[in-house]
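S.K.: After the structure tokens below, expect a handful of questions from me.
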Amino acid sequence: MAGASVVTGSPADAAGDQGAVVVSPKQQDWVFRDTDGREVTLRGFNVSGSTKLYENGLLPFRTTADAARSAQAMRDLTGANAVRFLISWEGVQPAPDRIDHAYLDRAIAQLRAFTDRGFRVLLDYHQDLYSSYLFNAGSWYTGDGAPAWVVQAGGYPKESCGICLLWGQNMQNNAAVRQAAYDFWRNRQLTTSAGQVRVQDAYLAQAKATMTYLKQQLPQAAFDSVLGFDPFNEPFDGGLDGGTGVDWEKNYLMPFYQRFRTAMDEAGWNAKPAFVEPLVFWNTGFFEQGGMTSVGRLGTRWVFNSHYYDGARMTVSPAPASDGTYAEVMNEIRQRATALGTAPLVSEFGNKLSGTGSDRTPWMVRAMYQGMDAGVPGRDWWSGPAAGGSVLSSLQWQWDVYSGRHHELMNGNPDKVQTEGDAWNGEDHSVVAADDAGTVTPRLDVRVLDRLYPSAVNGDTLAFAYEDLARSGYGGAGRQQAWLTVASSMPEIAALVKDRQYGVLVWRGSAATVPTDLHLPRSFAPAGTTVVSDLGTVGGVPASGSVRAVLESGSSSAYRLQLTAPAGSAVHVALVVNTTTGTPATAAQLAAARTELTAWTNRQFPS
1052 MAGASVVTGS PADAAGDQGA VVVSPKQQDW VFRDTDGREV TLRGFNVSGS
1102 TKLYENGLLP FRTTADAARS AQAMRDLTGA NAVRFLISWE GVQPAPDRID
1152 HAYLDRAIAQ LRAFTDRGFR VLLDYHQDLY SSYLFNAGSW YTGDGAPAWV
1202 VQAGGYPKES CGICLLWGQN MQNNAAVRQA AYDFWRNRQL TTSAGQVRVQ
1252 DAYLAQAKAT MTYLKQQLPQ AAFDSVLGFD PFNEPFDGGL DGGTGVDWEK
1302 NYLMPFYQRF RTAMDEAGWN AKPAFVEPLV FWNTGFFEQG GMTSVGRLGT
1352 RWVFNSHYYD GARMTVSPAP ASDGTYAEVM NEIRQRATAL GTAPLVSEFG
1402 NKLSGTGSDR TPWMVRAMYQ GMDAGVPGRD WWSGPAAGGS VLSSLQWQWD
1452 VYSGRHHELM NGNPDKVQTE GDAWNGEDHS VVAADDAGTV TPRLDVRVLD
1502 RLYPSAVNGD TLAFAYEDLA RSGYGGAGRQ QAWLTVASSM PEIAALVKDR
1552 QYGVLVWRGS AATVPTDLHL PRSFAPAGTT VVSDLGTVGG VPASGSVRAV
1602 LESGSSSAYR LQLTAPAGSA VHVALVVNTT TGTPATAAQL AAARTELTAW
1652 TNRQFPS
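Right, dumping it as structure tokens:
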């Protein structure tokens, strides 16, 4: 496959202290903004499911060197600017009376491999099915999260999921998993080697200790690059006691989040939001419950943090994904955040890369990104771009440099060594793999992963859309079809973008004069990129001027496009086209395209 990584940057190339990100208002919505007041879009990956594995010491990477190689490859290959960094309760607190600072030191070193290269980092306390210690050595499934001492003190029944086709069914069918979760939310008192301990109290105490230690040990610039904390991955109830999922969120989940928020404040994280997830079933497509509709407005010290997996296509639906498939579900996430008075984040999404149904994955992921770029199908975008809503920040599951090369003893069983895929419950979601030399190669079409996106907009984004032309298969195979189609009323723009990757950004400026940044995919070499804008039209982007290309921080091969507008609240537009192939456009053609673009902007976004 094309796109193997060569480590080309270094921490020294990074931007240094990029400042914190906060939740800030934008008309009727809420978005992330940086210290310059620019509207920030976070794009990247989860690192990684390897945190679930004992072979990795419950951390994303086996060594700091592996973390550095992975971060560099991610920066160079995709232009990602954020990661969700997984840690484990079991790793932090292996005994009721001990915090493992050596574990946290290793986590800090791995985390800094990303912050030193210009990434922002969301920390995530990860759990699935509550704990691996609920499962016996011969089980079909396993979990991660709670330490052995918690499960031993709980005295849970023998685990069994019965006839479960997916590991997630354990949340509904496995009595041990359900009882353990039920106890956590009700803060059951446990008898441990350290005496009487309430389980949720213990969790919050170790979380506060972790956050206090991280703030003490991280340099200020690195700490500023930490976005906040995800307190609990994919919360599930364990039992509703006759109520609904909405009731459970109000009576159990939100009080826990309030307690975690207090722990953040006491640990010195008061300026960072808590990235809180609703009940995991809220948008699965089956037996939906929850959605945080009864918890009141969250406000700017919180982020509505959702996952999205297409439950139907992962199980029973044979339908392929196409233009506009995920516009509605991504709009639901946008709308939930708006109702809660905060910004949204999609911190997990994706699909399997092998096995039955994986032939549909390339366009499923493509359609998910399309829905996060704009909440309208591409066929309708040019006629109603403002309806697309804000660009969703998102972190794909997952980026595992050990994909297919694991050696994990499932539930400690030497007769069940897991090597393939993610080495966890039969999953295979990593979009990359690495060879013996550590060279990282995309497994999914790089045109899906390395995307044009507005990483920092000076003012307010009014509309954005991107045509990636990603093929329907793997490794450049399969069908190519444009989804973002230009109306026949704009023939010059249609001719310019025909059979080419391109994106359009419309934004309203601010009183500041800082640039608007868009990540340029590697296929958009600056010399082969054409920009048509009210700020100027260039065929081949120079290294200086109001329209210029500069290196992404932390990389010597990935570029971003910088557009600098005069101060003021005027509406601006930029059409960015990959013209490395095809017949070069003439000056007259570009001028005609600019005339069409200006007229379109004035119609769709009148002053």
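Residue 1409 in this note's numbering is what sits at position 358 of the sequence shown, and the numbering runs on without skipping anything.
Ideal Cβ placement from N, Cα and C applies to all residues, glycine included.
1) Using a Cβ-Cβ cut-off of 8 Å, state whether Pro1111 counts as contacting chain D.
2) With burial defined as no fewer than 16 other Cβ atoms inside 10 Å of the residue's Cβ, what is the status of Val1057: buried or exposed?
3) Straight-line CA distance for Phe1332 to Ile1138?
4) With DSSP run on the structure shown, which of helix, strand or coil describes Leu1097?
5) Taking the Cβ atom as the reference point for each residue, do Tyr1517 and Asp1424 lie within a distance shorter than 8 Å?
6) Please list the terminal residues of the continuous beta strand (DSSP E) segment that includes Trp1651.
7) When you compare only the Cα positions, how much space is there between Val1354 and Ala1394?
8) Going along the chain, which residues of its own chain have a beta-carbon closer than 7 Å to the beta-carbon of Asp1660, five neighbours each way excluded?
9) For a test of the three-state rule: what should DSSP assign to Asp1064, helix, strand or coil?
10) Would DSSP call Ala1484 helix, strand or coil?
11) How would you label Ala1065, buried or exposed, when you count the other beta carbons within 10 angstroms and need 16 or more for buried?
12) Considering only the alpha carbon of each residue, which of Val1622, Phe1083, Gln1240, Ala1616 lies closest to Gly1350?
13) Nearest to Val1327 by alpha carbon, out of Glu1603, Phe1280, Leu1641?
14) Residues in the same chain with beta-carbon distance under 7 Å from Trp1558, minus the five sequence neighbours each way, listed in chain order, please.
15) Just verifying my parser: in three-state terms, what is the DSSP assignment at Lys1259?
16) Run through DSSP, which three-state label would Ser1121 get?
17) Measuring straight from C-alpha to C-alpha, what distance separates Phe1575 and Ser1506?
18) Do you know whose CA, among Val1248, Leu1396, Ser1405, Pro1493, lies nearest Gly1527's CA?
19) I'd like the list of long-range same chain contacts for Arg1312, defined as Cβ closer than 6 Å, with 5 residues on each side in sequence excluded.
20) Which residue spans inside the stretch 1544-1579 form an unbroken alpha helix (DSSP H) run of at least 4?
21) Is Gln1469 close to the ligand NAD? I mean its beta-carbon at under 7 Å from any heavy atom of the ligand.
22) With a threshold of 7 Å on Cβ separation, who are the neighbours of Gln1268 within its own chain once the five nearest residues in sequence on each side are excluded?
23) Spatial neighbours of Tyr1254 within its chain, please: C-beta separation below 7 Å, excluding the five flanking residues on both sides.
24) Helix, strand or coil for Ser1345? Go by DSSP, reduced to three states.
25) For Val1250, which residues in the same chain have their Cβ closer than 7 Å to its Cβ, ignoring the five residues on either side in sequence?
26) Please classify Lys1209 as buried or exposed, where buried requires at least 16 other C-beta atoms within 10 Å of its C-beta.
27) Helix or strand or just coil, what does DSSP make of Leu1162?
28) Assuming Met1262 and Ala1314 make a contact with CB atoms under 8 Å, what is their CB distance in whole Å?
29) Counting only the same chain and skipping the five closest in sequence on each side, list residues whose C-beta sits under 6 Å from that of Asn1629.
30) If we call anything under 8 Å between Cβ atoms a contact, is Gln1070 one with Glu1603?
31) Just to confirm my understanding: we take Met1305, look at its own chain, exclude 5 residues before and 5 after, and list those with CB closer than 6 Å. What are they?
32) Could you check the C-alpha separation between Asp1316 and Ser1523 for me, to the nearest Å?
33) Compute the distance between the beta-carbons of Leu1612 and Val1592, then report whether it is under 8 Å.
34) Can you list, in chain order, the residues of its chain with a C-beta nearer than 6 Å to that of Gly1362? Leave out the 5 residues immediately preceding and following it.
35) Under 8 Å, with one C-beta from each stretch per pair, do the stretch 1218-1234 and the stretch 1274-1290 reach the 3-pair mark?
36) Nearest to Gly1596 by CA position, among Asp1479, Pro1617, Gly1605, Gly1579, is which residue?
M.R.: Well, looking at it:
1) No chain D appears in this structure, which consists of one protein chain only.
2) Its pLDDT being 41, under 50, Val1057 is placed unreliably in this model, and the value from its coordinates should be taken loosely. With fewer than 16 neighbouring CB atoms inside 10 Å of its own CB, Val1057 falls in the exposed class.
3) Roughly 23 Å between the two C-alpha positions.
4) Correcting the residue identity first, residue 1097 is Asn in this sequence and not Leu. When DSSP states are grouped into helix, strand and coil, Asn1097 belongs to the strand group.
5) Yes; because the gap between Cβ atoms is below 8 Å, this pair is in contact.
6) No beta strand (DSSP E) contains Trp1651, which is instead part of the alpha helix (DSSP H) from 1638-1655.
7) Distance between the alpha carbons of Val1354 and Ala1394: 5 Å.
8) Nothing can be reported for residue 1660: it is not among the residues displayed for the chain, which extend from 1052 to 1658.
9) At Asp1064 the pLDDT is 45, less than 50, meaning the model places this residue with poor confidence; the figure from the coordinates comes in the next sentence. When DSSP states are grouped into helix, strand and coil, Asp1064 belongs to the helix group.
10) It is a strand residue.
11) The pLDDT assigned to Ala1065 is 47, lower than 50, so where the model puts this residue is not dependable; a value taken from the coordinates is nonetheless given after this. The residue in question, Ala1065, is buried, as its Cβ has 16 or more Cβ neighbours within 10 Å.
12) When C-alpha distances from Gly1350 are compared across Val1622, Phe1083, Gln1240, Ala1616, the shortest belongs to Phe1083.
13) With distances taken between Cα atoms, Val1327 lies closest to Phe1280.
14) Take Trp1558, set aside five residues on each side of it, and the residues of its chain with a beta-carbon closer than 7 Å to its own are Val1508, Gly1510, Asp1511, Thr1512, Leu1513, Thr1567, His1623, in chain order.
15) In this structure, Lys1259 counts as helix in the three-state DSSP scheme.
16) Of the three classes helix, strand and coil, the one that applies to Ser1121 here is helix, per DSSP.
17) Put simply, the backbone Cα of Phe1575 is about 16 Å away from that of Ser1506.
18) Residue Pro1493 is the option with its Cα nearest to Gly1527.
19) The residues are Ala1325.
20) Counting only runs of 4 or more, we get nothing.
21) Summarising the ligand content, the structure contains no ligands, and the ligand NAD is consequently not present.
22) Ile1159.
23) Answer for Tyr1254: Trp1140, listed in chain order.
24) Secondary structure at Ser1345: coil, using DSSP grouped into helix, strand and coil.
25) Correct list, in chain order: Val1201, Asp1234, Phe1235, Asn1238, Arg1239, Leu1241.
26) Exposed, since its Cβ has fewer than 16 Cβ neighbours within 10 Å.
27) Three-state result, Leu1162: helix.
28) Right, their Cβ atoms sit about 7 Å apart.
29) Within the same chain, and ignoring the five residues on either side of Asn1629 in sequence, the residues whose Cβ sits closer than 6 Å to its Cβ are Arg1551, Gln1552, Ser1574, Phe1575.
30) The residue asked about is misnamed: residue 1070 is Gly in this sequence, not Gln. Not closer than 8 Å, so no.
31) Answer for Met1305: Val1346, listed in chain order.
32) In this structure, the CA atom of Asp1316 is about 47 Å from the CA atom of Ser1523.
33) Leu1612 places its beta carbon less than 8 Å from that of Val1592.
34) Here Gly1362 has Thr1335, Gly1336, Phe1337 as same chain residues with Cβ atoms under 6 Å from its own Cβ, once five neighbours each way along the sequence are excluded.
35) With three or more CB-CB distances shorter than 8 Å, the stretch 1218-1234 counts as touching the stretch 1274-1290.
36) Closest option to Gly1596, Cα to Cα, is Pro1617.
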